[in-house]
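In my numbering, the protein residues as written are 24 to 213.
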């Protein structure tokens with residue numbers, strides 16, 4: 024079932040997964056997930072709009088003073104920290120995900136860049152845990168309509184207010200998606 028009259032978007036690294044409005048899974052309700060890796064082995068992504076009430080220095084003792092928030096990336100391996108940034112090749116060994124968006128990279132180099140004020144909190148997002156799917160699992164969730172695919176944009180990570188992200192991504196897609204964006208959070212009352 025096509026959700027808009029625009030081009031068909033395929034599941035791939037760099038795409039967004041937008042939770043359909045009736046998703047009851049508490050981990051993913053009204054979430055927007057950046058898909059950083061998608062292959063035959065499975066998929067890895069990070070929830071972009073669930074900020075935690077902690078800072079990166081609360082989690083990492085051997086880290087430069089850096090007033091950056093931490094986000095809930097997903098329910099898998101919540102004892103791990105990941106980062107997505109707009110530093111590109113400046114951060115060695117990072118993986119390009121989409122234009123202006125890179126994943127990971129040298130942790131020691133990141134600390135050096137922060138120490139030298141070459142990275143600001145607006146350049147990076149830290150995540151606890153990640154969202155993961157085994158081979159074929161995401162495709163099955165797509166078939167039953169759990170997710171709406173969207174195009175990523177670096178502004179969603181580094182400029183948009185995360186509380187409005189779910190609605191903003193859907194509105195930007197236009198068509199049926201913009202109508203879905205208007206559904207209230209408490210749609211069970213309707």
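Just so you know, even glycine gets a beta-carbon here, dropped at the ideal spot from N, CA and C.
### Message
I need the DSSP call for residue 167, collapsed to helix, strand or coil.
### Response
As a first step, residue 167 must be located in the chain shown, where it is residue number 144. Residue 167 falls in the coil class under three-state DSSP.
### Message
On the CB-based measure, 16 or more other CB atoms within 10 Å of its CB, does residue 154 come out buried or exposed?
### Response
Looking up residue 154 in the chain shown gives position 131. Residue 154 is buried by the Cβ-count criterion.
### Task
Report yes or no: do three or more beta-carbon pairs, one from the region 164-181 and one from the region 97-105, lie closer than 8 Å?
no
### Message
To test your reading of the DSSP string, which unbroken alpha helix (DSSP H) runs of 4 or more residues are found completely within the region 102-167?
### Response
130-138 and 160-166
#### Entry: Nearest to residue 92 (by Cα), restricted to the options 180, 63, 199 and 191
For this step, residue 92 is matched to residue 69 along the chain shown. Residue 92 has its Cα closest to that of 180, out of 180, 63, 199 and 191.
### Message
Please report the straight-line C-alpha distance between residue 132 and residue 108, rounded to a whole angstrom.
### Response
The residue given as residue 132 occupies position 109 in the chain shown. The residue given as residue 108 occupies position 85 in the chain shown. About 13 Å.
### Message
Can you look up residue 193 in the DSSP assignment and give me helix, strand or coil?
### Response
Residue 193 sits at position 170 when you count from the first residue of the chain shown. Three-state result, residue 193: helix.
### Task
Find out if the Cβ-Cβ distance for the pair residue 148, residue 94 is shorter than 7 Å.
On the chain shown, position 125 is the one that residue 148 refers to. On the chain shown, position 71 is the one that residue 94 refers to. The answer is yes: Cβ separation under 7 Å.
### Option in 58, 158 and 90 with minimal Cα separation from residue 140
Against the chain shown, residue 140 aligns to sequence position 117. Comparing Cα positions, the closest option is 90.
### Query
Exposed or buried, which one is residue 79 when buried takes at least 16 other CB atoms within 10 Å?
Looking up residue 79 in the chain shown gives position 56. Buried, by the Cβ-count rule.
### Query
Cα separation between residue 111 and residue 52?
Sequence index remark: in the chain shown, residue 111 carries index 88 (1-based). Sequence index remark: in the chain shown, residue 52 carries index 29 (1-based). So the two alpha carbons sit approximately 31 Å from each other.
### Query
How close, in whole Å, do the beta carbons of residue 75 and residue 173 come, if the pair is a contact with beta carbons under 8 Å?
Looking up residue 75 in the chain shown gives position 52. Looking up residue 173 in the chain shown gives position 150. Not confirmed; about 23 Å, so no contact.
### Message
So, under 8 Å CB-CB, residue 36 and residue 61 are touching, yes? Tell me the CB distance rounded to an integer number of Å.
### Response
Within the chain shown, numbered from 1, the residue matching residue 36 stands at position 13. Within the chain shown, numbered from 1, the residue matching residue 61 stands at position 38. At roughly 5 Å, the Cβ-Cβ gap stays under 8 Å, so residue 36 and residue 61 are in contact.
### Given residue 82 as reference, the closest of 58, 150 and 163 once Cα atoms are compared
Looking up residue 82 in the chain shown gives position 59. Ranking the options by Cα distance to residue 82, first place goes to 150.
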